[in-house]
Structures are given as C-alpha cells and as structure tokens.
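One structure below.
In the numbering used here, the protein residues as written are 4 to 361.
As structure tokens, then:
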C-alpha cells in the first residue's frame with residue numbers, strides 16, 4: 004500500500020482539513036470577487052475573462068458544455084482523451100445505442116454535460132444502475148457518457164498561455180485521491196467514517212450519498228472508498244504536486260492545448276499511471292478540460308496557508324483578465340455581463356436538479 008501511494012503521489016496518512024477548506028464560498032472568494040470588480044472597472048468589461056477562450060461558451064466560466072470542449076481537440080491529439088459521447092436526453096435506449104457505437108462498456112461514467120464541482124457525476128456499474136441514474140436525471144437535459152479511465156492516479160493540470168507568447172506554462176499541478184477506510188470486522192462504514200481524522204470532521208460529504216450502505220460492517224482488512232468523484236468539495240483529498248511539473252509534461256500538455264483552436268486558459272483533469280510517467284508526459288488520460296471557471300486546485304492542499312491560497316487565486320484570475328484583454332485587441336468579444344449572468348443562472352438551476360454523485 005505504501006509503495007502504491009508513493010507511486011501515485013498520495014500521502015500515506017491523509018492530511019487534516021485546512022482552516023479554510025470548507026468556509027462558505029462567498030467568504031473564501033471575497034478577495035477574488037473584489038479583484039474581479041476592480042479589473043472589470045479598469046478594463047470597462049466585467050465579463051472580459053469570457054474572451055480568454057473565444058471558442059468556448061463564456062470562455063468556460065459557466066454554462067458551457069463539457070463535450071463541446073472535448074470536441075475541439077484536434078484529431079492528432081484525440082487519443083489522449085477518454086472516449087465519450089453526448090446523450091441528448093436521459094433515455095436508456097439512446098444511452099446503450101451510444102455505448103455500442105462508441106465501444107463503451109459497463110462500468111462507465113455518466114455526468115451532466117453542463118455542471119461543475121463533480122455534481123451529478125456517477126460511476127454506473129451495470130444496466131440497472133444506468134437505468135436508476137437516468138430515472139433521477141432531469142428530463143430533456145444532456146448528459147455525457149464516458150469510458151471509465153482505469154489509470155489509478157488523478158491530477159489537475161492548469162495551463163496558461165498569453166496570446167502572442169510562443170509557449171505556455173503549467174502553473175499548477177494537483178494530485179487528487181479518494182480517502183478510504185479499512186474494516187475491522189466490527190465497525191460499520193458510518194462508524195469508521197466518523198472515526199477518521201478528516202472524514203469525521205465533514206461526515207455530511209460522505210454519509211448522505213451512501214444511504215443504507217453506511218450501516219454495513221466491513222470485513223477485517225476490507226477497503227472501502229466512500230467517494231468516487233475527484234473533487235475536494237465532494238470529499239476527495241488534494242495535494243500540491245508542483246514539484247512534478249517538468250519540461251516534458253509541459254510540452255505534452257501544450258501540444259494538446261495547441262490542438263484546440265484559441266485555447267489559452269484552463270485545467271486538464273487527467274488519470275495517470277505513475278508519477279514517473281506523468282513527469283515524462285506519458286501514461287495519462289484526459290477526462291475533462293475546463294476553462295475560465297476552473298481554478299488552480301493546489302490551493303486546497305491542507306498544507307497551503309490562507310494567504311498563499313488567496314495570492315495564487317488572485318494571480319490566476321488576474322491572468323484571465325490579461326488574456327481576455329489580449330484577445331479583445333485581436334478582435335474577439337466577451338460574452339457580456341447579461342449573457343454571463345444568464346449562463347450562470349442556467350447552470351445553477353441545472354445543478355440543483357442533478358442526482359447525487361457517488
């Protein structure tokens with residue numbers, strides 16, 4: 004277990020929760036909001052970051068389609084993506100026809116085509132689970148069905164290139180892993196979660212999605228992961244992996260970014276085999292590409308200070324304005340504050356209607 008954890012970058016002992024990790028969002032992001040207002044006034048456009056990725060709706064700030072972003076990856080780099088297709092409505096017949104056409108099999112991953120923070124993402128193991136998930140999903144709403152990426156490690160790689168620069172750079176690399184519990188033959192899953200140093204402090208992230216399973220007693224030595232989604236606000240643990248950024252990895256990510264028309268700012272979420280392979284720019288599969296609405300998730304490492312987290316957030320979102328301004332000079336246009344707000348409202352309403360993730 005220790006060797007595996009080392010290869011994947013996960014600490015052998017889960018870190019405790021940082022002092023600000025689960026603050027109310029409006030409070031943690033207050034400096035970003037104030038900076039956004041100040042830069043919006045300076046540039047005369049509060050929606051200017053939506054011009055940072057001109058070919059993505061709102062630049063990927065909110066309301067964008069996940070599949071439409073992946074569709075932009077050029078044919079020469081599409082092998083890096085976990086195969087997927089867009090399901091226009093939650094229908095089991097359409098889902099399984101799409102799976103057959105795209106050579107996808109159970110278990111597979113299903114997620115909303117519009118959404119964020121892992122909301123509604125679920126691993127479905129068989130046809131019965133797919134039917135149950137689709138029955139919970141809002142009607143006439145698009146989904147994304149994606150091959151389950153089997154590499155064991157997960158990471159978020161943030162890439163930035165200012166228009167006019169010959170090369171971009173990776174500004175953040177976050178290693179993600181799902182916490183786990185080990186059975187003792189006597190305790191229920193609920194009791195083990197409550198006794199965990201981290202999970203026990205935020206049990207509401209785990210217990211509601213487990214339902215009756217939380218009362219199951221695990222066998223001695225049996226391992227159980229109470230969360231599948233690689234998002235810290237859904238219960239996964241994030242670790243700053245900045246030391247694993249290498250020229251080879253940067254070159255590989257840039258090649259993929261260059262295969263997308265006018266992509267300058269965003270995060271590549273990947274599954275990777277080993278850290279050694281990741282550093283070489285090899286052995287990883289892209290599961291999502293996010294735009295302006297994504298963040299440099301290393302700030303959620305429990306070892307990060309509040310001041311460092313705020314400084315890095317401000318630097319990243321400040322750069323989104325810089326890139327948006329550069330693209331405006333090149334003739335591209337921002338979404339506009341009204342359209343940006345409408346996209347945010349639409350996304351918020353959809354996210355409130357999605358099934359719970361696993």
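Virtual Cβ for every residue (Gly too), placed ideally from N, Cα, C. All of these numbers come straight from a predicted model, not from anything done at the bench.
| Check | Outcome |
| --- | --- |
| Assumed close pair residue 1, residue 339 - CB separation to whole angstroms, cut-off 8 Å | Absent from the structure is residue 1, since the part of the chain shown begins at 4 and ends at 361. |
| Cutoff 6 Å; reference residue 359; Cβ partners in own chain excluding five residues on either side | 212 |
| Local conformation of residue 179 per DSSP, three classes | strand |
| Assigned exposure category for residue 114 - 16 Cβ within 10 Å defines buried | buried |
| Outcome for residue 353 when other beta-carbon atoms lying within 10 angstroms are tallied against a minimum of 16 | buried |
| Cross-strand partners of residue 156 (DSSP beta bridge) | 275 |
| Among 156, 186, 79 and 345, the one whose alpha carbon lies nearest that of residue 227 | 186 |
| Start and end residues, alpha helix (DSSP H) containing residue 139 | 130-139 |
| Residues sharing a beta bridge with residue 149, DSSP | 87 and 112 |
| Cβ neighbour criterion (16 or more within 10 Å) applied to residue 237 | buried |
| Secondary structure of residue 257, DSSP reduced to three states | helix |
| Straight-line gap, residue 202 to residue 194 (C-alpha atoms, nearest Å) | 11 Å |
| Residue from 244, 82 and 102 with nearest C-alpha to residue 304 | 244 |
| 3-residue-minimum beta strand (DSSP E) runs that sit fully inside the stretch 38-105, ordered along the chain | 87-90 |
| Exposure of residue 125, with buried meaning 16 or more beta-carbon neighbours within 10 Å | buried |
| Sub-9 Å separation of residue 171 and residue 253 beta-carbons | yes |
| Residue 1 in three-state terms, based on DSSP | Any property of residue 1 remains undetermined from this structure, which presents the chain solely from 4 to 361. |
| Pair within 9 Å by beta-carbon distance, residue 292 and residue 263 | yes |
| Cα-Cα separation, residue 346 to residue 68 | 11 Å |
| Same chain only: Cβ atoms within 6 Å of residue 231, ignoring 5 sequence neighbours per side | 126 and 361 |
| Residue environment, residue 310, which counts as buried when at least 16 other CB atoms sit within 10 Å | exposed |
| Residue 256 versus residue 75 - alpha carbon distance | 15 Å |
| Option nearest residue 123 by Cα separation, candidates 344, 148 and 99 | 148 |
| Within the stretch 274-318, ranges of the alpha helix (DSSP H) (whole runs, at least 4 residues) | 278-282 |
| Residue from 192, 87 and 215 whose Cα sits closest to the Cα of residue 369 | Outside the shown range of the chain, which is 4 to 361, sits residue 369, and nothing can be said about it. |
| Euclidean distance between Cα positions of residue 317 and residue 166 | 20 Å |
| Three-pair Cβ contact test at 8 Å for the stretch 149-163 versus the stretch 269-277 | yes |
| Spatial distance of residue 82 from residue 198 (CA atoms) | 43 Å |
| Span of the beta strand (DSSP E), counted from its first residue to its last, around residue 217 | Residue 217 -> no beta strand (DSSP E), and no H or E assigned at all. |
| Proximity of residue 141 and residue 274 at Cβ, strictly below 9 Å | no |
| Simplified DSSP state of residue 330, which is helix, strand or coil | helix |
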